[in-house]
């Protein structure tokens, strides 16, 4: 009896990132029962990656009582397409072209699999378990190595006509601005408001200013957003200016997003949010400054409070509860 | 019998613009049975305007068999809020502050009334009767004196948490760019890609260039988008450059909108679209240029083919068919 009542009550969540892949088995109350991590980069062919994923997950599946306990597998991946189940031309993954990822996972695990992009998965996670619980209109922005996004309107994720909606990191905020190596575009949000962007801003600011800074002691090739953060916390003026500049551009972008879908809140997630008010204060100010009157002082900027390692798995697994059949 | 079968089968559509207000009685097959027009500007108090509106519509209502034949009244107005039924701080209307427009109309006509912003009404009109028929994801952009927008995703209009979503004309495309008198913001789409914006660009281009142009014969205060259009059609190089510049900014903005909601099409409507390929060609080119690969060559830019005077009324009346109760 107890076995039959818990049949089908678990889901697997997999979050494929540019560097690492996180996976876990989750129950309907968002408890991550078992989880693990592996590299996304050890195989240049996706088949080898799927093989490793299976080897890592099979023992966990056994621990919860076998695959009969599992309703399905939700996968979040950069450029993951919800409609087609494919990952298409993901600049940060080692596999080229169009990868039928959902199908490959489904065949290997013999379980239904569903795919979306990693930021969409995070948005679903926030809506079901996190800062966006109960909200019908919000925008999730992930500020990591890159900038991802998931948009919820009328209580539903926006996938667009082709499944690729929500690429806000690639919107152009500074026309003819900084070059983005991955996309070859100029002035996109991602080229400024990501960990990579902060590093590039640091290099520029140090070159264009004569002011003294703790960051001048760091060799150029070792500069990163963490070192800028440490310097800013230590009171370094230039380091603070770097976050200020980043926040101003992010805030301008957020104002534009608000005037698009008028969300109740914008949920920020990822490494850059650790800088706290160093980046959030200029972000909030720039957002308000660029909003027209009817939108001012009513959109919350919130930082995700889900445990970082769990949030991605939870979001991906949450896809499963919505699955048909 | 025939009377009872057609009971409740008509709707009134009202489109309140900055200059004029159009109204009509529409059947379920989008036939505008009777229509009329009046000024939006003869009354500084909204009550006088509603009084005039009633005087104009009452004879038409009688002609179709009385108000028992009419299911409700749909109103489109700048800054019209779907949730609250209010028009809030509309810079182009003579009535200040927050106007409970739906309630005022409902009380005067003793018929259910529903309000939305004018571009949302146009989007609904296009979805039901026009270029967006059958589409579940599209964006409507109205290029008139100002720039309005209505966004449909997952088959539903996006209103946002507060009813004000879809103010794409106010998104900032050129940071620290041209000043917008109505909003006091810098570099918004509306300050470039509207009839007003084209006029301002014409003045700038003529001042900054020494090149000969037909437009130099037009007194500065008489310059408008129509005269720029006439000059461009006559082969004037500077006039063509003005549309080129406008199209480039519009195309960049459209690329950003596509990367937000990945629409099947963008439907353009309003005065500026009359310039045809003079503006559409640079718009399309700039959009494609700023899109990342996964979005390229798949989003249609369409021009509304609804008769201009009917489209606004149809869109507003279409709100009524969705009404509850």
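Residue numbers (the numbering used here), protein chains in the order written: chain A, 30 to 354; chain B, 30 to 354.
The beta-carbon is built from N, C-alpha and C at its ideal position, and this holds for glycine as well.
Note that the structure is predicted; figures quoted are calculated from it, not measured.
Outcome for residue i when other beta-carbon atoms lying within 10 angstroms are tallied against a minimum of 16
i, result
"residue 48 (chain A)", "exposed"
"residue 335 (chain B)", "buried"
"residue 107 (chain A)", "buried"
"residue 62 (chain B)", "exposed"
"residue 223 (chain B)", "buried"
"residue 210 (chain B)", "exposed"
"residue 38 (chain B)", "exposed"
"residue 284 (chain A)", "buried"
"residue 135 (chain B)", "buried"
"residue 88 (chain A)", "exposed"
"residue 246 (chain A)", "exposed"
"residue 270 (chain B)", "buried"
"residue 148 (chain A)", "buried"
"residue 250 (chain B)", "exposed"
"residue 155 (chain A)", "buried"
"residue 95 (chain A)", "exposed"
"residue 260 (chain B)", "buried"
"residue 248 (chain A)", "exposed"
Test: residue i CB closer than 9 Å to a CB of chain B
i, result
"residue 63 (chain A)", "no"
"residue 274 (chain A)", "no"
"residue 323 (chain A)", "yes"
"residue 165 (chain A)", "yes"
"residue 319 (chain A)", "yes"
"residue 29 (chain A)", "Residue coverage of chain A in this structure runs from 30 to 354, which leaves residue 29 (chain A) outside it and unanswerable."
"residue 293 (chain A)", "yes"
"residue 281 (chain A)", "yes"
"residue 191 (chain A)", "yes"
"residue 158 (chain A)", "no"
"residue 129 (chain A)", "no"
"residue 288 (chain A)", "yes"
"residue 326 (chain A)", "no"
"residue 203 (chain A)", "yes"
"residue 30 (chain A)", "Any answer about residue 30 (chain A) is weak, because its pLDDT of 37 lies below 50 and its placement is not dependable; what the coordinates show is given next. No, because no Cβ of chain B sits closer than 9 Å to the Cβ of residue 30 (chain A)."
"residue 183 (chain A)", "yes"
"residue 34 (chain A)", "Caution applies to residue 34 (chain A), whose pLDDT of 44 falls short of 50 and renders its modelled position unreliable; the value that the coordinates give is listed next. No, residue 34 (chain A) lies away from the interface with chain B (no Cβ there is under 9 Å from its Cβ)."
Which listed residue (the options) has its alpha carbon closest to that of residue i
i, options, result
"residue 163 (chain B)", "B:292, B:53 and B:82", "B:292"
"residue 178 (chain A)", "A:343, A:42, A:61 and A:299", "A:299"
"residue 191 (chain A)", "A:98, A:263, A:205 and A:113", "A:113"
"residue 313 (chain A)", "A:348, A:282 and A:87", "A:282"
"residue 274 (chain B)", "B:266, B:230 and B:241", "B:230"
"residue 207 (chain B)", "B:53, B:86, B:196 and B:226", "B:226"
"residue 131 (chain A)", "A:205, A:75, A:328 and A:155", "A:75"
"residue 325 (chain B)", "B:339, B:287 and B:350", "B:287"
"residue 254 (chain B)", "B:40, B:173 and B:142", "B:173"
"residue 297 (chain B)", "B:198, B:205, B:128 and B:241", "B:198"
"residue 82 (chain A)", "A:133, A:180 and A:232", "A:133"
"residue 347 (chain A)", "A:301, A:93, A:145 and A:265", "A:145"
"residue 40 (chain A)", "A:84, A:90 and A:85", "A:90"
Residues of its chain near residue i, where Cβ-Cβ distance is below 6 Å and the 5 sequence neighbours each way are ignored
i, result
"residue 50 (chain A)", "67 and 69"
"residue 78 (chain A)", "72"
"residue 194 (chain B)", "187 and 188"
"residue 53 (chain A)", "42, 61, 64 and 342"
"residue 196 (chain A)", "none"
"residue 339 (chain B)", "61"
"residue 157 (chain A)", "347"
Whether residue i touches residue j by CB criterion (9 Å)
i, j, result
"residue 104 (chain A)", "residue 150 (chain A)", "yes"
"residue 187 (chain B)", "residue 183 (chain A)", "yes"
"residue 118 (chain A)", "residue 109 (chain A)", "no"
"residue 341 (chain B)", "residue 46 (chain B)", "yes"
"residue 295 (chain B)", "residue 331 (chain B)", "yes"
"residue 290 (chain A)", "residue 166 (chain A)", "yes"
"residue 262 (chain A)", "residue 301 (chain A)", "no"
"residue 349 (chain B)", "residue 141 (chain B)", "yes"
Closer than 9 Å to chain A by CB, residue i
i, result
"residue 351 (chain B)", "no"
"residue 233 (chain B)", "no"
"residue 52 (chain B)", "no"
"residue 197 (chain B)", "yes"
"residue 162 (chain B)", "no"
"residue 85 (chain B)", "no"
"residue 187 (chain B)", "yes"
"residue 25 (chain B)", "An answer regarding residue 25 (chain B) cannot be provided, because it is not within the stretch 30 to 354 covered by chain B."
"residue 194 (chain B)", "yes"
Close Cβ partners of residue i (< 8 Å) along its chain, the five nearest in sequence each way excluded
i, result
"residue 234 (chain A)", "267, 270, 271 and 274"
"residue 278 (chain B)", "202, 203, 218, 221, 222 and 315"
Closer than 8 Å: residue i CB and nearest the ligand NAP heavy atom
i, result
"residue 313 (chain A)", "Questions concerning the ligand NAP fall outside what the structure shown contains, since it holds no ligand whatsoever."
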